[in-house]
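When we follow full-length UniProt numbering, the leftmost residue of the sequence shown carries the number 1, and every step to the right adds one.
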Amino acid sequence: MPIMLFGYCIERRIRVTDKVCLTNIIEKRAVWKQKIRYIMKHKPTGNIHVVHYFLAQIERKPLKDLSIVFSNEHELVSSDQYIGLNDKNDEEIYGGDVIEDPNGIRARIVYHPEYAAFLACYVLNGNFKFEYLDKLIISRCKIIGNIYENSGLLENA
Numbered sequence: 001m002p003i004m005l006f007g008y009c010i011e012r013r014i015r016v017t018d019k020v021c022l023t024n025i026i027e028k029r030a031v032w033k034q035k036i037r038y039i040m041k042h043k044p045t046g047n048i049h050v051v052h053y054f055l056a057q058i059e060r061k062p063l064k065d066l067s068i069v070f071s072n073e074h075e076l077v078s079s080d081q082y083i084g085l086n087d088k089n090d091e092e093i094y095g096g097d098v099i100e101d102p103n104g105i106r107a108r109i110v111y112h113p114e115y116a117a118f119l120a121c122y123v124l125n126g127n128f129k130f131e132y133l134d135k136l137i138i139s140r141c142k143i144i145g146n147i148y149e150n151s152g153l154l155e156n157a
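So this is what it looks like as structure tokens:
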């Protein structure tokens with residue numbers, strides 16, 4: 001069975017002969033290509049700064065050397081992972097983003113540990129509902145922001 005990490009298969013079977021299969025070939029490239037969005041708040045002004053880095057960049061250099069937003073004047077608000085899907089405007093979708101479907105229904109993208117997957121979370125009849133993210137459905141939605149830069153996005157949802 002393949003191992004899933006951030007939605008990517010990191011184990012693959014290669015058929016060598018009818019009787020022999022090699023396993024545990026790690027697709028490191030998929031893991032290294034993971035993109036992370038950092039949302040930082042500048043302490044003196046309260047301004048929000050957003051930066052994106054690949055896991056490979058983070059592993060090779062101390063964070064403080066990557067950007068000024070990792071200085072003592074900034075505090076981390078959130079670090080969110082790119083979920084591997086884009087919206088209808090080809091914008092990358094990250095955990096914490098709020099998306100809106102063509103009918104005006106809004107959902108927050110969340111990671112659900114029980115399912116080990118990113119899901120769309122929305123409110124229906126006063127109850128939270130979780131839906132798996134389907135590439136075709138997501139391609140019709142648009143990102144309208146994230147809860148860190150605009151906390152009121154889900155108030156009327």
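Note that beta-carbon positions come from the ideal geometry of N, C-alpha and C, so glycine has one too.
When you compare the CB positions of residue 171 and Gly126, do they come within less than 8 Å of one another, or not? Outside the displayed span of the chain (1 to 157) sits residue 171, for which this structure offers no information.
How is Gly95 classed by DSSP in three states: helix, strand or coil? coil
Less than 8 Å separating the beta-carbons of Ile99 and Ala116? no
Just to confirm the assignment: which complete beta strand (DSSP E) runs, minimum length 3, are found wholly within the stretch 61-94? 74-86, 92-94
Which residue's Cα is closest to the Cα of Tyr38: Cys141, Asn86, Asp97? Measuring from the Cα of Tyr38, the nearest candidate turns out to be Asp97.
Considering Leu119, what are the terminal residues of the beta strand (DSSP E) in which it resides? 117-124
Close Cβ partners of Cys141 (< 7 Å) along its chain, the five nearest in sequence each way excluded: Cβ within range, chain order: Asp87, Lys88, Ile99, Glu100, Asp101.
Three or more C-beta pairs under 8 Å: does that hold for the stretch 138-152 against the stretch 64-71? no
Report the rounded CA-to-CA distance for Ile26 versus Ala56, giving the unit in angstroms. In this prediction, Ile26 has a pLDDT of 37, which is less than 50 and means its spatial position is unreliable; what the coordinates show is noted afterwards. Straight across, the Cα-Cα distance linking Ile26 with Ala56 is about 16 Å.
Give the secondary structure of Ile105 by DSSP, where H, G and I count as helix, E and B as strand, and everything else as coil. coil
Beta carbon of Lys43, beta carbon of Glu73: below 8 Å? yes
Can you tell me whether Ile137 is helix, strand or coil according to DSSP? Here Ile137 sits in helix by DSSP.
Exposure of Phe118, with buried meaning 16 or more beta-carbon neighbours within 10 Å: Phe118 should be labelled buried.
Between Glu91 and Tyr82, is the Cβ-Cβ spacing less than 8 Å? With respect to Tyr82, Glu91 sits apart: the two C-beta atoms are not nearer than 8 Å.
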